[in-house]
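One structure is given here, and the rest of the page talks about it.
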Amino acid sequence: MRKIYALFLAALLFGVNASAEDEPEVLRPVTAAYTIEGGTSHIADTYLSPIKYSGWTTSLRYERMQAMKFSPDRWVMQLAASVSLQRALNYVGNSTMWYAGVDFSWGMMRRWQVTPGLTLAIGGEAAADLGGLYAMRNGNNPVSAKAAVTIGATGYAAYNMKIGRLPVTLCWQPSLPVTGVFFSPDYGELYYEIYLGDHDNLVHCAWWGNYFRLDNALTADLHFGATSLRVGYRGMILSTKVNNLVSRHFTHSAVIGVSGEWLSLNPRRRMSPKARIVNALFQNQWK
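Using the numbering used here, the first residue of the sequence shown is number 528, and each one after it goes up by one.
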């Protein structure tokens, strides 16, 4: 009886190993992009001034996308980070306002291959934003700090096409926070008072009634070779209203940079000839 049991167990293990060997290895290249963005900025922050300021904006941005290891055909992750600088003037042109900030986000999306060239995805995203406004003419209140940690919805629509012989990937991606927390002082409260210990009513629960932010990006990757040229547009709308303070922040930017796919291989391990590559944007690599 023991011999029969041992033979049965050996046959079972052999079958599992055989099926594992028959399953092709999945390679998940990273799609990364480094871009420079520049355009117009429009700022209104009643903590600093009731007047709207308009000017320019510029930023550096890094994006990284990769199919998830546990279900590469269905799930994809995205990491993004950016640093921005803005300068705006009032309508008379005699007062300047500066903004500097950093943004970070990580999201995971479920995707569907609708057609061989079209992929749709939707999922969740966690984001952190930190920055500040500085009004050069203000005396007591020259700075308005900005900070928020949110979770929300994101997704993308990616489409492969050709312009003549040039392969092009179009991608539209919106991002909309749903809830979280954000910082705002009371109306007329000095940051010196906060420094002295007045910490009441500084952190607020974010929802669409008091914190609304929408990021939209439309890009085209022109695949000239292993490295692609990325061009496009990015727009951001941020509106907050709390403690009798209203803030409006709009930007419109042109996008230009480089993108490409990078695949890390272990030099000590030979790659299987049956290996299957799963693209970060598409379930199936397009022709």
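Every residue, glycine too, gets a C-beta built ideally from N, C-alpha and C.
Compare the C-alpha of residue i against each of the options and name the closest.
| i | options | result |
| --- | --- | --- |
| D630 | G666, S622, N665 and L587 | L587 |
| T573 | Y661, T562 and T558 | Y661 |
| I690 | Y760, S632, H750 and R664 | H750 |
| G585 | W789, F809, T696 and S780 | Going by the sequence as given, residue 585 is Thr instead of Gly. Per the Cα distances, S780. |
| T558 | N771, D727 and T696 | T696 |
| F597 | M635, E564 and V641 | M635 |
| D727 | G736, N737, D713 and W735 | D713 |
| K579 | G620, G707 and T646 | G620 |
| I764 | P704, R601 and I721 | P704 |
| S576 | G666, I721, Y686 and A675 | G666 |
| M624 | E590, L729 and M663 | M663 |
| A607 | L693, W633, F777 and R601 | W633 |
Below 8 Å on the Cβ atoms is my guess for residue i versus residue j; work out the distance and round it to an integer in Å.
| i | j | result |
| --- | --- | --- |
| Q700 | T677 | Contact flag wrong, Cβ pair sits at about 17 Å. |
| D748 | S786 | 5 Å |
| F709 | A733 | 5 Å |
| L790 | P556 | 4 Å |
| V641 | A807 | V641 to A807, Cβ: 17 Å. No contact. |
| M595 | Q605 | Their Cβ separation, rounded to whole angstroms, is 11 Å, which puts M595 and Q605 out of contact at 8 Å. |
| R761 | E564 | 6 Å |
Give every residue of the same chain whose Cβ lies closer than 7 Å to the Cβ of residue i, excluding the five residues on either side of it in the sequence, and list them in chain order.
| i | result |
| --- | --- |
| V553 | P599, R803 and V805 |
| H731 | V708, F709, S711, N737 and V769 |
| G759 | A744, L745, T746, A747 and V782 |
| Y686 | G644, L645 and L697 |
| N668 | Y574, L575 and L717 |
| R601 | R637 and R638 |
Output needed for residue i: all residues of its chain with C-beta closer than 8 Å, excluding positions within five of it in sequence on either side, in chain order.
| i | result |
| --- | --- |
| R757 | A560, T562, T746, A747, D748, L749, V782, I783, G784, V785 and S786 |
| G659 | Y626, A627, G628, V670, S671, A672 and K673 |
| G752 | none |
| L693 | L749, H750 and F751 |
| F809 | Q640, T646, A685 and N687 |
| D725 | E716 |
Going along the chain, which residues of its own chain have a beta-carbon closer than 6 Å to the beta-carbon of residue i, five neighbours each way excluded?
| i | result |
| --- | --- |
| R775 | A571 and S766 |
| M688 | V695 |
| S581 | H569 and A615 |
| T754 | V785 and G787 |
| K648 | Note that residue 648 is Ala in the sequence shown here, rather than Lys. Result list for A648: M636, R638, G682 and Y683, in chain order. |
| G679 | E652, L703, P704 and V705 |
| D516 | Because the chain is modelled from 528 through 814, residue 516 falls outside the range shown and cannot be assessed. |
| T567 | H779 |
| S609 | S586, R588 and D630 |
| V773 | T573 |
| Y622 | Note on residue identity: the sequence assigns Ser, not Tyr, to residue 622. Only R664 meet the Cβ criterion. |
| F777 | H569 and I764 |
Using DSSP bridges, identify the partner residues of residue i.
| i | result |
| --- | --- |
| S711 | The partner list for S711 (beta bridge, DSSP) is empty, contrary to what the question assumes. |
| R761 | A744 and S780 |
| G565 | T585 and A781 |
| T573 | Bridge partners of T573: none, in fact. |
| Y738 | T767 |
| R491 | Since the displayed the chain opens at 528 and closes at 814, residue 491 lies outside it and no answer follows. |
| G659 | A627 and A672 |
| H750 | None; H750 has no bridge partner. |
| N687 | T696 |
| I678 | A653 and T706 |
| V557 | W789 |
| P701 | N743 |
| Y618 | Paired residue(s): none; Y618 is not in a bridge. |
| M604 | Q593 and M635 |
| H731 | F709 |
| L772 | V769 |
Is the stretch 648-655 touching the stretch 609-621 in the sense that three or more CB pairs, one from each, lie closer than 8 Å? Under the three-pair Cβ rule at 8 Å, the stretch 609-621 does not count as touching the stretch 648-655.
May I ask you to verify whether the stretch 740-754 touches the stretch 712-723, counting CB pairs closer than 8 Å and requiring at least 3? no
Using 8 Å as the Cβ pair cut-off and three pairs as the minimum, do the stretch 628-642 and the stretch 603-613 touch? yes
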